[in-house]
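So the sequence shown is residues 1 to 209, counted in UniProt numbering.
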Amino acid sequence: RQVAAVAAVLGMRCRLVQEEWTHWVDPVYDKVGNILLSRLMGAETLLEGEGYSTEVKETWSRALEQVHREGGKPYAIPAGASDHRLGGLGYANFTDELARQEQEMGVFFDTVITATCTGSTQGGMVAGFKAQDRPRRLIGIDTACNEAMTRRAVAKSARQTAELIGIGKPIDDADVIVDPRFAGPDYGLPDDRTIDAIRTAARLEAMLT
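This is how it looks when you write it as structure tokens:
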């Protein structure tokens with residue numbers, strides 16, 4: 001949906017390969033949520049049956065080849081921008097924004113928690129926080145139900161981003177904290193505890209997640 005939104009603003013065509021990461025059989029699966037938002041913004045969506053992975057797959061390569069055959073020039077952005085060398089820069093910038101807000105409010109958050117999946121969100125934050133002069137713990141809550149793959153994706157994004165922003169420090173394995181304890185039975189499938197948490201947040205704080 002973010003790629004579709006940017007393409008709409010820039011007046012560019014957008015073709016999205018929507019892989020079926022969630023194993024959920026429902027007649028409206030491809031008519032709601034992010035897929036609906038992408039279509040509303042003018043994107044062409046291709047729903048493919050390949051399962052979850054941060055790697056570039058054959059379906060993605062075929063989509064690029066089709067654009068070339070049609071005379072177009074594609075700019076390729078992988079899932080979550082995780083495998084794109086620029087994918088973590090936005091969240092590296094976020095760490096600077098957070099530091100400015102902390103200074104304005106006179107606070108310091110020694111621990112930051114984020115959902116993590118394709119890697120670029122946490123990876124960019126790892127690099128950005130590493131560049132700062134105050135130690136801070138960043139915990140990624142694995143939503144992919146595959147801790148090892150998530151950890152690899154985060155580390156790769158963090159190291160790419162660190163090189164781009166020139167922090168002058170290595171990204172160590174210890175910098176990448178991925179907690180797998182809160183994932184449901186599979187990607188995109190909540191368990192009873194998740195449903196209870198969603199309901200509690202909505203009823204007590206009017207917060208929808």
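Think of the CB as a built atom: it goes at the ideal place given N, C-alpha and C, for glycine as much as any other residue.
Please read all numbers here as calculations on a predicted model, not as lab measurements.
- Non-local C-beta neighbours of R152 in its own chain, meaning closer than 6 Å and more than five positions away in sequence, are absent.
- Three or more pairs of CB atoms, one per stretch, sit closer than 8 Å, so the region 162-176 contacts the region 114-131.
- Note that the C-beta distance between T143 and A115 is below 8 Å.
- Considered as a whole, the region 117-142 harbours 137-142 as its complete beta strand (DSSP E) runs of no fewer than 3 residues, in chain order.
- A distance below 8 Å separates the beta carbons of V154 and V126.
- Beta-bridge partners assigned by DSSP to A115: I141.
- Listed in chain order, the non-local C-beta contacts of A201 below 7 Å within the same chain comprise M207, T209, local neighbours out to five positions each way being set aside.
- For D192, the enclosing alpha helix (DSSP H) starts and ends at 192-205.
- Counting C-beta atoms within 10 angstroms of its own C-beta, A43 has 16 or more neighbours from the protein chains shown and is therefore classed as buried.
- With respect to the 8 Å criterion, T22 and A79 are not classified as neighbours on the basis of their beta carbons.
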